[in-house]
Amino acid sequence: MLVLGALPHGARAAENPFPALAGTWSGSGTATLEGGKKESLRCKGYYTNGGGGSALGLSIRCANSSTKIELRANLNYADGVVSGNWEERTYNQAGTVSGRASNNKLSLAISGGINGSLSLSLSGRQHSVAVSTGGSTLKAINISMTR
1 MLVLGALPHG
11 ARAAENPFPA
21 LAGTWSGSGT
31 ATLEGGKKES
41 LRCKGYYTNG
51 GGGSALGLSI
61 RCANSSTKIE
71 LRANLNYADG
81 VVSGNWEERT
91 YNQAGTVSGR
101 ASNNKLSLAI
111 SGGINGSLSL
121 SLSGRQHSVA
131 VSTGGSTLKA
141 INISMTR
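When we follow the numbering used here, the leftmost residue of the sequence shown carries the number 1, and every step to the right adds one.
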């Protein structure tokens, strides 16, 4: 149980964004590959809640005729802090996730086979996902999805 009186004056408890993400999403975006080459993608996102809303399973699949990306993550939320693990199946990378969450945004660091960041912004029936990596083949993913 959170006691609001224990928060510093003017501070608010972070709201858990996981329940608002649950469901199926679709959209499009771009992948930035080695050498700066950009490719358009069509994407589907699947998000499931568990643990009374404190756990989120994330699966985002994006593809075109020459590129395929399969990002998965299992995330846990507690008092504004997010932790968990991730994997990308096409490029065979995996690792851990850590960062912060608010009522409509995730700001996460990814580490493991590659290091980088993942940010997610939610606005009503639309959200965007941006992934930036230090990987040699896949440099970035930027997608926008709606319900």
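Note that the Cβ used here is the ideal one computed from N, Cα and C, for glycine as well.
Coarse secondary structure for residue i, derived from DSSP in three states
i, result
"HIS22", "With the sequence shown as reference, residue 22 is identified as Ala, and His is not the correct amino acid for it. Of the three classes helix, strand and coil, the one that applies to ALA22 here is coil, per DSSP."
"GLU15", "coil"
"GLY124", "coil"
"GLY50", "strand"
"ARG147", "coil"
Candidates the options: closest to residue i by CA position
i, options, result
"GLY29", "ARG100, HIS127 and SER98", "HIS127"
"GLU34", "SER144, LEU120, ASN85 and THR133", "THR133"
"SER144", "THR137, GLY27, GLY84 and ALA55", "GLY27"
"VAL97", "ALA20, ARG147, GLY116 and ALA63", "GLY116"
"GLY84", "ASN92, ILE69, GLN93 and ALA55", "ALA55"
"ILE60", "GLY95, GLY51 and GLU87", "GLU87"
"ARG100", "ALA78, GLY113 and GLY112", "ALA78"
"GLY18", "ASN76, GLY112 and TYR91", "What sits at residue 18 in the sequence shown is Phe, not Gly. Per the Cα distances, ASN76."
"SER65", "ALA31, GLN93 and VAL81", "ALA31"
"GLY135", "ASN92, ASN104 and GLY124", "ASN92"
"TYR47", "ASN103, ALA22 and LEU71", "ALA22"
"GLY57", "THR67, ASN74 and CYS43", "ASN74"
Beta bridge counterpart(s) of residue i as assigned by DSSP
i, result
"GLU39", "ALA31"
"ARG61", "LYS44 and GLU70"
"GLY95", "TRP86 and GLY112"
"LYS139", "Paired residue(s): none; LYS139 is not in a bridge."
"ASN76", "ALA55 and SER83"
Burial state of residue i, where buried means 16 or more other Cβ atoms lie within 10 Å
i, result
"LEU4", "Residue placement at LEU4 is flagged as unreliable, the pLDDT there being 37, under the threshold of 50; the coordinate-derived value follows with that caveat. Result: exposed."
"ASN16", "buried"
"VAL81", "exposed"
"GLY50", "exposed"
"GLY45", "buried"
Validate contact between the segment 32 to 42 and the segment 100 to 109 using beta carbons, cut 8 Å, 3 pairs: no
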